[in-house]
Amino acid sequence: MNKVDISDNIDLSKCEYLGKGRNGKVYLLPDRKIVIKICSIEQSCIDEYKVLKAAEGSSYFPKVYGRYGKMMFREYIGGEKLSIYLRKKKVSRNLAISLIGLIEEFKRLEFRRLDIRGEHIYVQDDESVRVIDPAGQIVKSASYPKSMLKELRRQKCIKRFYDILKEERPDLYKKWKK
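Residue numbers for the sequence shown follow UniProt numbering, beginning at 1 and rising by one.
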């Protein structure tokens, strides 16, 4: 699917309410593959749409299907929030490599913010990670993943993560371990 047809007028009462964040409310459409995000501020919707368009084709980001004013249609991202996942399973080598890859992807895409809050990272069954709400990647600036590392610290996984980072990417270990 590349386009969402909204000519039928979406009935939100037939959609599953997924939650509310800083930027708006999210509903899962009946097909269970697409979400509609209704932003409270149109600029937030524009910024997130720009990020998702710039990241088109990246496995870390949801596909975006369209934006209409304060509404955006994008792929549904399942999985578990990073914090919930880490309470159960801790950091494996695969997950650590996925998190490192995510930040490297931000760099490859030339985003200003090389960070994302843990609540916006979803761990998939295969321990790959995907993100939601990436608007801050072009609005804010960060040279290393301070918020992500803070989440790992809060979940008492930071030592294991740093051990893997040091083995896999000693260059990043020196930059990130501040």
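C-beta atoms are modelled at their ideal positions from N, C-alpha and C, and glycine is treated no differently.
Note that the structure is a prediction, hence the values are computed from the model and not measured.
Minimum C-alpha distance to tyrosine 49 - residue among Pro134, Met148, Val91 and Glu16
Pro134
Could you compute how far the alpha carbon of glutamate 127 sits from the alpha carbon of leucine 95?
5 Å
Measuring only the C-alpha atoms, how far is isoleucine 84 from serine 147?
16 Å
Rounded distance between the beta-carbons of glycine 118 and leucine 82, thought under 8 Å
4 Å
What residue from Cys157, Asp163, Ser143 and Gln137 has the CA that sits closest to valine 51's CA?
Gln137
Can you say whether proline 30 is buried or exposed, counting buried as having 16 or more other CB atoms within 10 angstroms of its CB?
exposed
Give me the residue from Ile100, Arg108 and Glu110 with the minimum Cα distance to arginine 169.
Ile100
Hey, would you say the C-beta of valine 64 is under 6 Å away from at least one heavy atom of the ligand NAP?
This structure simply doesn't include the ligand NAP, nor any ligand for that matter.
Would you check if the distance between the CB atom of tyrosine 60 and the CB atom of glutamate 105 is smaller than 7 Å?
yes
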